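Q: Quick one: this structure, given as structure tokens, is what I'll be asking you about.
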Amino acid sequence: MIILNKENILSYIHDYVPSITLKEPVTVSMIGDGDLGQDVEGDGYCNFVFRIADSDSSYIVKQSTSTLRRRGKKMDPNRNRKEYEIMKLRSKIVPQYVPELYFMDDENHIFIMEDVSNLKLIRYQLNENHRFPELAKQGAHYLAATHFYTSEFYLSSADYRKLLSDFMNAELRVIMEDGIFLKIFGSDRYDPSCGPEYEAYCKAIRYDEKLQFQRYKLRHLFMSKSETLIHGDFHTSNLFADDENLKVIDMEYTFGAPFSYDLGFIIANLLAQLCSAAFRPFDSGFLRNRHITYVLGLIQSLYTDYIKFFFEYWDKDAKIQYKVTNGYKETLALDILRECFGFAACVNFSRVIGDMDTADFDCIKDNNLRTKAKFLNVDIDRMLFEKWDSYQNIQEVISDFIDLISKHTSR
508 MIILNKENIL
518 SYIHDYVPSI
528 TLKEPVTVSM
538 IGDGDLGQDV
548 EGDGYCNFVF
558 RIADSDSSYI
568 VKQSTSTLRR
578 RGKKMDPNRN
588 RKEYEIMKLR
598 SKIVPQYVPE
608 LYFMDDENHI
618 FIMEDVSNLK
628 LIRYQLNENH
638 RFPELAKQGA
648 HYLAATHFYT
658 SEFYLSSADY
668 RKLLSDFMNA
678 ELRVIMEDGI
688 FLKIFGSDRY
698 DPSCGPEYEA
708 YCKAIRYDEK
718 LQFQRYKLRH
728 LFMSKSETLI
738 HGDFHTSNLF
748 ADDENLKVID
758 MEYTFGAPFS
768 YDLGFIIANL
778 LAQLCSAAFR
788 PFDSGFLRNR
798 HITYVLGLIQ
808 SLYTDYIKFF
818 FEYWDKDAKI
828 QYKVTNGYKE
838 TLALDILREC
848 FGFAACVNFS
858 RVIGDMDTAD
868 FDCIKDNNLR
878 TKAKFLNVDI
888 DRMLFEKWDS
898 YQNIQEVISD
908 FIDLISKHTS
918 R
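If you count the sequence shown from 1, you need to add 507 to reach the working numbering.
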């Protein structure tokens with residue numbers, strides 16, 4: 508097996524992909540090594556990812572090996588083939604949101620796709636208070652379409668079961684099943700820069716029996732409710748956008764799970780952004796409130812637009828037995844609402860309490876303000892653990908967020 512590096516990747520492309528012709532000078536960068544700016548880094552945790560560019564064009568080359576790039580854990584390298592296949596499938600459903608694919612090498616677990624770094628990673632743009640006018644609508648559209656058309660509401664039972672079997676993805680899904688819901692990514696080292704009170708509060712949430720029950724209940728939902736093929740890692744560092752366009756990357760965590768999980772994952776990131784904006788410096792209170800209002804609007808619209816798009820596809824293409832069953836749509840919409848905010852709490856709590864890098868908060872240089880932002884964040888998680896399965900509408904959730912922001916910022 509060929510292992511790509513900066514020295515041999517151009518000869519590999521020359522020998523294996525003659526359809527790609529590169530003109531000197533050619534730039535080879537490795538994503539995840541800081542070769543590129545943070546706005547275009549993207550994936551690089553599990554796989555080796557390279558950007559190849561000349562004066563006219565650029566490409567992303569992605570290779571999976573039997574060992575994860577970071578932490579060195581053993582993993583089936585065929586995950587790359589599965590990612591390529593799901594990208595092909597999703598490009599048939601929503602081609603506007605999926606990078607173009609050029610080449611797949613099964614023997615060496617390599618594929619080549621469009622470089623979308625003409626767009627920017629939304630996480631870092633949000634940190635700079637940039638607002639994407641189409642982000643909620645586009646993100647909701649991508650999820651609703653890819654979810655509906657890989658669900659049993661649309662597919663035959665046989666095709667649906669085959670799809671779930673083809674994308675079982677047991678090795679990668681256990682990272683989510685255990686890392687998010689049980690082991691909190693294996694970290695008992697709480698962010699030391701936030702002090703002992705923060706650690707005590709995080710532990711109080713983590714080991715509270717009633718809240719543990721809610722987390723385990725959500726884990727069971729995640730493991731047993733296979734409604735669709737989810738993206739699985741739908742967060743703000745896997746979305747490239749500008750004011751008009753969106754591209755989604757890093758699809759290797761695809762497997763069967765609830766409709767609500769991807770929504771919860773992206774909302775978890777937006778909660779961190781919301782809490783960061785409540786405390787990081789702004790030029791004026793007006794600008795701070797405008798950004799907070801924008802992020803709250805993103806959270807609300809992701810859900811409402813998702814439901815709107817999903818039921819447009821339902822009305823057009825769902826099986827007749829579902830269409831004629833009174834109350835089905837309303838019940839499903841409520842389930843998705845409740846579950847997505849339960850999953851948001853699990854995902855967000857697992858990211859925020861430990862000492863792993865969290866760009867949403869690391870942009871706050873004043874440690875006192877950063878600590879206040881993280882306290883607010885875990886307090887929102889606590890509230891969602893307590894209330895996720897009782898919400899009746901999205902306005903109740905947004906109102907709860909506003910109340911907690913007001914409570915923490917007035918101290």
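Even for Gly, the Cβ is constructed at its ideal location relative to N, Cα and C.
All figures in this text were calculated on a predicted structure; none of them were measured in a lab.
When you compare the segment 719-732 with the segment 673-687, are there three or more beta-carbon pairs, one atom per stretch, that lie closer than 8 Å?
A: The answer is yes - the segment 673-687 touches the segment 719-732, with three or more Cβ pairs under 8 Å.
Q: Buried or exposed: R889, going by 16 or more other Cβ atoms within 10 Å of its Cβ?
A: Residue mapping note: residue 889 aligns to position 382 of the sequence shown, counting from 1. The residue in question, R889, is buried, as its Cβ has 16 or more Cβ neighbours within 10 Å.
Q: Less than 6 Å between C-beta atoms, sequence neighbours within five positions excluded: which residues of the same chain meet that for N676?
A: Counting from 1 along the sequence shown, the entry for residue 676 is found at position 169. So the list reads F762, once near-sequence residues are dropped.
Q: I'd like to know whether the C-beta atoms of R858 and A775 end up nearer to each other than 8 Å.
A: As a working note, residue 858 is residue 351 in the sequence shown. As a working note, residue 775 is residue 268 in the sequence shown. In contact: R858 and A775 (Cβ atoms closer than 8 Å).
Q: In chain order, which continuous runs of the beta strand (DSSP E) of length 3 or greater are located wholly inside the segment 548-612?
A: The qualifying runs are 555-560, 565-570 and 608-612.
Q: Thinking just about the alpha-carbon of each residue, which of Y566, I510 and Y519 is nearest to the one in S536?
A: Position 29 of the sequence shown, counted from the start, is the residue given in the question as residue 536. Among Y566, I510 and Y519, the Cα nearest to that of S536 belongs to Y566.
Q: In terms of residue numbering, what span does the alpha helix (DSSP H) encompassing F729 cover?
A: Here residue 729 refers to the residue found at position 222 of the sequence shown. From DSSP, the alpha helix (DSSP H) with F729 extends over E716 to S731.
Q: Thinking I871 and C709 are a contact (beta carbons under 8 Å), I'd like their distance in whole angstroms, please.
A: Looking up residue 871 in the sequence shown gives position 364. Looking up residue 709 in the sequence shown gives position 202. 18 Å between Cβ atoms; not a contact.
Q: So does the segment 764-780 actually touch the segment 605-621, counting three or more Cβ pairs closer than 8 Å?
A: These segments do not touch.
Q: Would S744 and R630 qualify as a contact pair, given that the criterion is a beta-carbon distance under 8 Å?
A: Within the sequence shown, the letter at position 237 stands for residue 744. Within the sequence shown, the letter at position 123 stands for residue 630. Yes, these two residues count as a Cβ contact at 8 Å.
Q: Indicate whether the contact test is met: 3 or more Cβ pairs, each with one atom in the segment 628-644 and one in the segment 590-606, closer than 8 Å.
A: These segments do not touch.
Q: May I ask which residues mark the beginning and end of the beta strand (DSSP E) holding S536?
A: Within the sequence shown, residue 536 is the residue found at index 29, counting from 1. Segment T534 to M537, the beta strand (DSSP E) holding S536.
Q: Between V601 and H648, which are expected to be in contact by the criterion C-beta below 8 Å, what is the C-beta distance as a whole number of angstroms?
A: Here residue 601 refers to the residue found at position 94 of the sequence shown. Here residue 648 refers to the residue found at position 141 of the sequence shown. Right, their Cβ atoms sit about 7 Å apart.
Q: For a test of the three-state rule: what should DSSP assign to G771, helix, strand or coil?
A: In the sequence shown, the residue the question calls residue 771 occupies position 264. If DSSP states are grouped into helix, strand and coil, G771 belongs with the helices.
Q: From the DSSP output, in three-state form, read off K627 for me.
A: Counting from 1 along the sequence shown, the entry for residue 627 is found at position 120. K627: strand per DSSP, three-state reduction.
Q: Could you tell me whether the Cβ atoms of N855 and N884 are closer together than 8 Å?
A: Mapped onto the sequence shown, residue 855 falls at position 348. Mapped onto the sequence shown, residue 884 falls at position 377. It is a contact, given that the beta carbons lie within the stated cut-off.
Q: Is the segment 814-825 touching the segment 731-739, taking contact as three or more C-beta pairs under 8 Å?
A: Touching, no, given that fewer than three Cβ pairs across the two stretches are closer than 8 Å.
Q: Confirm the yes/no value for this check: CB of N585, any heavy atom of the ligand SAH, distance under 7 Å.
A: Looking at this structure, you won't find the ligand SAH or any other ligand, since it has none at all.
Q: Nearest CA to the CA of V642: which residue from L809, T572 and K826?
A: As a position in the sequence shown, residue 642 is number 135, starting the count at 1. According to the sequence provided, residue 642 is Leu. The question's Val does not apply to it. Selected option, being the one with the closest Cα: L809.
Q: Count the other CB atoms, across all protein chains shown, that sit within 10 Å of the CB of N585; report buried if there are 16 or more and exposed otherwise.
A: Within the sequence shown, residue 585 is the residue found at index 78, counting from 1. N585 should be labelled exposed.
Q: With respect to the alpha helix (DSSP H) encompassing S839, which residues constitute its N-terminal and C-terminal limits?
A: Taking the first residue of the sequence shown as 1, we reach residue 839 at position 332. Note that residue 839 corresponds to Leu in the displayed sequence, not to Ser. Note, L839: alpha helix (DSSP H), Y835 to V859.
Q: Taking 8 Å as the cut-off, does the segment 792-801 touch the segment 616-629 (at least 3 CB pairs, one atom from each stretch)?
A: These segments do not touch.
Q: Any beta-carbon of chain C closer than 8 Å to the one on I687?
A: Protein chains in the displayed structure number just one, and chain C is not present.
Q: DSSP on Y697, reduced to helix/strand/coil?
A: Position 190 of the sequence shown, counted from the start, is the residue given in the question as residue 697. Strand at Y697.
Q: Whose CA, out of F741, N615, D698 and G849, lies closest to the CA of T451?
A: Because the chain in this structure spans residues 508 to 918, residue 451 falls outside the shown range and cannot be described.
Q: Run through DSSP, which three-state label would T800 get?
A: The residue you call residue 800 lines up with position 293 of the sequence shown. DSSP places T800 in helix when its eight states are reduced to three.
Q: K830 to L778, Cα distance in whole Å?
A: By one-based count along the sequence shown, residue 830 stands at place 323. By one-based count along the sequence shown, residue 778 stands at place 271. Distance between the alpha carbons of K830 and L778 is about 34 Å.
Q: Here's the rule: buried if 16 or more other CB atoms are within 10 angstroms of the residue's CB, otherwise exposed. What is H738?
A: In the sequence shown, the residue the question calls residue 738 occupies position 231. H738 comes out buried.
Q: Buried or exposed for N554, please, with buried defined as at least 16 other CB atoms from any protein chain shown within 10 angstroms of its CB.
A: As a position in the sequence shown, residue 554 is number 47, starting the count at 1. By the 10 Å Cβ count, N554 comes out buried.
Q: CA-CA distance, V623 and Y523?
A: Here the question's residue 623 lines up with position 116 in the sequence shown. Here the question's residue 523 lines up with position 16 in the sequence shown. Distance between the alpha carbons of V623 and Y523: 22 Å.
Q: Measure the alpha-carbon distance for A560 versus L529 and round it to whole angstroms.
A: Counting from one through the sequence shown, the residue named residue 560 turns up at place 53. Counting from one through the sequence shown, the residue named residue 529 turns up at place 22. Roughly 8 Å between the two C-alpha positions.
Q: Using the Cα positions of L794 and T916, report the straight-line distance between them to the nearest angstrom.
A: Locating residue 794 in the sequence shown gives position 287, counting from the first residue. Locating residue 916 in the sequence shown gives position 409, counting from the first residue. In a straight line, the C-alpha of L794 is about 15 Å away from that of T916.
Q: Between M683 and the rest of its own chain, which residues show a CB-CB distance below 8 Å, the 5 nearest in sequence each way excluded?
A: What you label residue 683 is simply residue 176 of the sequence shown in a count that begins at 1. Result list for M683: F729, G739 and Y760, in chain order.
Q: For S897, collect the residues of the same chain with a Cβ closer than 8 Å to its Cβ; drop the 5 residues on either side in sequence, then sort them by chain order.
A: For the purposes of this step, residue 897 is identified with residue 390 of the sequence shown, where counting begins at 1. Result list for S897: R845, in chain order.
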